Amino acid sequence: MSVLSEKLSYFTEQKDQNIADLAKRSGIERSTLYQYLKGKRPLQNRAQLEALMSELHLTPDERTEVMEAYELARVGVKIYNRRRKVREILGSLLTVESGSFEETGTEPDSYFCIENQNHFIKGELEVNRLTNQIIREAMIRGEEIKLLIQPDYSLLMESLMLTGNVHKDTKVVQIICLEGDSGQDGCANLESFRWVLRYGIGIQNYEPRYYYGKTAEHYGVMNIMPYLILTEQYAIQISSDQKAAVLHNNFEIILYFSKIFEKMYQHSCPMMSRVDGFGGGQAKWGLDYIRQSDFSNIMEMSSGLCSIQFWDERLIRKYINKNIPDCEAMIESYVAYTSLLYQKKRQGQTTVLVNASYVEEFIRTGVFREYPAVFFAEPVSVADRRILIEKILIALEEGWYHIRIMPEDIFSLSYHWEILVQRGKNLILQYAFENHFRIFQFEETDILEAIYDFLETTSAGTNVLDDRQSAALLRKWSDEILGS
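Residue numbering for the sequence shown follows numbering that gives the first Met the number 0, beginning at 0 and increasing consecutively.
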């Protein structure tokens, strides 16, 4: 008996419904409804399910339970779990920028007096004190920190985020084990992706890398001291339960572990790259990215209209903040970037999911909330807003650009973030907060496929407007707010 059958049977009995009467009212044959409720036949007809829920007078919470069971039965456990996990990750991005990582003081407290010998440390608190001390000392000295740990070792990584926000030049290299089969529930690699993205925000000079293996075999309870932290002066081995550690400061032992780390580094792959700043550097990176991409199958998610490819030199020169350092060079870079982006996107297919509330707000105010405020000298004028909307509508008619307008209550992404994913190629996340602007790029195939599948499925949702409906709403807002 499926989860969906169990839910429907439960609510039918709870609400004291007669199957014959329920079948008649919902327009389903009595024998067919009986088979649905007993799990002898899968219910795959969405219209019949809606009719049943309506006749059962389900509350919103009860409807949610039934719809989750329906999706689970329709797509299978693994795909269902992955889509829920992606939605959860995108929702968690709302809070990433709100954290304040502030280091107090410049000199570390010394919990351990370390001489030329090995130390065994027992107890979770003592292990945490040790790792925090070693990390802070290494960062103050500007040493590179090397990690063979999983990203869910949050206490250690939060310590790095706290200290790394002050000592921004210290490089942190982390080698991560990803599951070749996505893990038992399909979400293991996505969970690592969530942590790595968080650390990419908080650690200024962060290089995560990955290899495929079985996490339970590498870091399970049967392994002795599987976690490793390396600095120039120390090596720390930590147990799988993080309650015991061995500290080494013998040069030969540190060299031995360093060679092991270097070998694993050579056999691992970059998991994430990052570009900081909204100046010419970002535009130059964008040009390189465009030249390497064919834009054949692109899904994007952006709170606003994602209209950058429709900006020309006149608009860029008019609205860019002239007080930005090296402004002229940045203008030239952006002109080249937007021009090439427009040409390449016209040769492919791009679908953009947008937030109805923020799109309407931009049409009313001319303010792009999804970009740093310092980037623009002034809000976009009414006349130029009309021009941008018209360019988007023309692209929709030409058939290479597709917009899916979504209600704000189901749009899972903060306006600080934008997502672009090209199936099988790469994933770009753009982050803007106050005067910070960062781009994160991922290429691991399991993560890419999960994000693309989620966006593609979401774009076809019942509460999402298609191209024709989105174009009509854009035209309506433009006429009512901006005038003809």
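The beta-carbon is built from N, C-alpha and C at its ideal position, and this holds for glycine as well. Computed from a predicted model, the values in this text were never measured in an experiment.
Excluding the 5 residues flanking it on each side, His-247 has same chain C-beta neighbours closer than 7 Å at Asn-117, Tyr-233, Ala-234, Ile-253, in chain order. The C-beta of Cys-268 has fewer than 16 other C-beta atoms within 10 Å across all chains shown, which makes the residue exposed. Leaving aside the five residues that flank Glu-455 on each side, the residues in its chain whose CB is nearer than 7 Å to its CB run, in chain order, Met-298.
Counting along the chain, Thr-444 sits inside the alpha helix (DSSP H) bounded by residues 444-458.
Counting only runs of at least 4 residues, the region 234-305 fully encloses the following alpha helix (DSSP H) elements, listed from N- to C-terminal order: 250-265, 279-291. Of the other Cβ atoms in all chains shown, fewer than 16 fall within 10 Å of the Cβ of Val-373; this residue is therefore exposed. Secondary structure at Ile-134: helix, using DSSP grouped into helix, strand and coil. Looking at Ile-391, Thr-169, Asn-204, the one whose alpha-carbon comes closest to that of Ser-306 is Ile-391. DSSP, read as helix, strand or coil, puts Gly-75 in coil.
For Trp-310, the secondary structure class from DSSP, reduced to helix, strand or coil, is coil. Sorting Trp-194, Asp-311, Leu-3, Glu-143 by C-alpha distance to the C-alpha of Leu-92 places Trp-194 at the top. DSSP lists Val-172 as the bridge partner or partners of Glu-206. DSSP places Thr-349 inside the beta strand (DSSP E), whose first and last residues are 349-354. Runs of the beta strand (DSSP E) lying entirely within the region 344-424 and spanning at least 3 residues, in chain order: 349-354, 400-405, 416-421. Annotated as proximal: Gly-303 and Val-353, with beta-carbon spacing under 8 Å. Beta-bridge annotation (DSSP): Lys-121 is paired with Ala-243.
Around Glu-448, the same chain offers Arg-422, Gly-423 as residues with beta carbons nearer than 8 Å, after the five sequence neighbours per side are excluded. Going by beta carbons, Cys-186 and Gln-149 fall outside the 8 Å limit. With the rule of 3 Cβ pairs closer than 8 Å, the region 7-18 counts as touching the region 31-40. Rounded to whole angstroms, the gap between the alpha carbons of Met-300 and Ser-30 is 44 Å.
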